[in-house]
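> Under my numbering, the first residue of the sequence shown carries the number 83, and numbering increases by one thereafter.
Ideal Cβ positions, reconstructed from N, Cα and C, are used throughout, including at glycine.
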Amino acid sequence: MLYGFLRVVVRGLLWLINGNAHYEHGDRLPAGNYILVGPHRTWFDPIYYALAASPKKFSFMAKIELFKNPIIRFILNHVNAFPVDRQHPGPSAIKRPVNDLKKTDLSLIMFPSGTRHSQELKGGVAVIARMAKVPIVPTVYQGPLTFKQLFSRHRVTVSFGDPIQVAPKGKLDEPAMAKIENDLQTAFAKLDKEIDPSFHYVDPKETAR
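#1: Curious, which full-length beta strand (DSSP E) runs of at least 3 residues does the stretch 129-160 contain?
#2: Between the alpha carbons of Leu273 and Leu133, how many angstroms are there, rounded?
#3: Could you name each continuous beta strand (DSSP E) segment of 3 residues or more that falls completely within the stretch 191-270, going from the start of the chain to the end?
#4: Excluding sequence positions up to five away, which residues of its chain have a Cβ less than 7 Å from the Cβ of Ser200?
#5: Look at Ala211 and Val248 and say whether their C-beta atoms are less than 8 Å apart.
#6: Just curious, the beta strand (DSSP E) that Ala113 is in, first and last residue?
#7: Straight-line CA distance for Arg245 to Asp187?
#8: Return yes when the Cβ of Met213 is within less than 8 Å of the Cβ of Ile117, no when it is not.
#9: Please state whether DSSP places Phe87 in a helix, a strand or coil.
#10: Please state whether the Cβ-Cβ distance between Gly120 and Tyr283 is less than 8 Å.
#11: Can you list, in chain order, the residues of its chain whose CB lies under 6 Å from that of Pro128, leaving out five sequence neighbours each side?
#12: To the nearest angstrom, how far is the alpha carbon of Trp125 from that of Asn100?
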């Protein structure tokens with residue numbers, strides 16, 4: 083209930099702040115549940131991903147530290163976020179999203195790099211996709227990278243790629259993981275090029291130095 087209400091509120095706020103969002107290739111999104119995976123470029127790209135794939139609803143992984151604040155915890159719990167200890171993930175980091183994907187109408191937004199300042203993909207998305215028997219949908223965000231830049235009303239673009247299927251059988255060993263990671267990186271690069279052939283991501287932390 084709160085998820086739908088907050089989505090309307092956030093969409094309105096972002097329209098007032100930026101008002102220049104464009105969502106491309108929504109026709110590539112599967113009908114059922116899936117894992118939406120993208121490079122983490124700014125703290126608000128998951129918000130744009132969720133809005134771009136609307137009316138689909140999502141669950142999110144959030145670092146456990148955010149749940150220490152009671153107000154933030156209340157909001158996170160009502161937008162289907164669940165805590166993950168990045169230092170010691172534990173079985174719940176896999177079991178919770180698999181259960182949501184299999185038994186609810188919630189898809190999952192996941193950043194396999196774990197942090198928006200890392201480009202290294204992790205294997206968790208492949209494990210969850212196989213166990214839940216859902217496809218992985220690559221997506222990218224291009225646009226302002228800081229909240230201040232959003233007010234410039236520069237174009238925001240979110241684009242979806244073709245779903246990537248994880249083989250239901252066979253070993254999900256290191257070579258298999260590497261192939262999925264390579265497929266995702268290739269999809270990200272292709273989407274970025276489709277949006278802007280000259281695009282090159284620059285970490286805001288680097289430009290601030």
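Taking the definition as stated:
#1: 139-145
#2: Residue numbering aside, residue 273 sits at position 191 when the sequence shown is read from its first letter. Residue numbering aside, residue 133 sits at position 51 when the sequence shown is read from its first letter. Approximately 18 Å between the Cα atoms of the pair.
#3: 218-224, 238-242
#4: Looking up residue 200 in the sequence shown gives position 118. Residue placement at Ser200 is poorly supported in this model, since its pLDDT is 47, which falls under 50; the coordinates still yield a value, given next. Closer than 7 Å at the Cβ level, and outside the excluded window around Ser200, lies no residue.
#5: The sequence position of residue 211 within the sequence shown is 129, counting from 1. The sequence position of residue 248 within the sequence shown is 166, counting from 1. For Ala211 and Val248, yes; Cβs fall inside 8 Å.
#6: For the purposes of this step, residue 113 is identified with residue 31 of the sequence shown, where counting begins at 1. Note, Ala113: premise wrong, no beta strand (DSSP E); not H, not E.
#7: Against the sequence shown, residue 245 aligns to sequence position 163. Against the sequence shown, residue 187 aligns to sequence position 105. One point to set straight first is that residue 245 is Pro, not Arg, in the sequence displayed. For Pro245 and Asp187, the distance between alpha carbons rounds to 18 Å.
#8: On the sequence shown, position 35 is the one that residue 117 refers to. On the sequence shown, position 131 is the one that residue 213 refers to. Annotated as distal: Ile117 and Met213, with beta-carbon spacing of 8 Å or more.
#9: Within the sequence shown, numbered from 1, the residue matching residue 87 stands at position 5. Reduced to three states, the DSSP call for Phe87 is helix.
#10: Counted from its first residue, the sequence shown places residue 120 at position 38. Counted from its first residue, the sequence shown places residue 283 at position 201. No, these two residues do not count as a Cβ contact at 8 Å.
#11: Walking along the sequence shown from the start, residue 128 turns up at place 46. Correct list, in chain order: Ile191.
#12: Against the sequence shown, residue 125 aligns to sequence position 43. Against the sequence shown, residue 100 aligns to sequence position 18. Approximately 16 Å between the Cα atoms of the pair.
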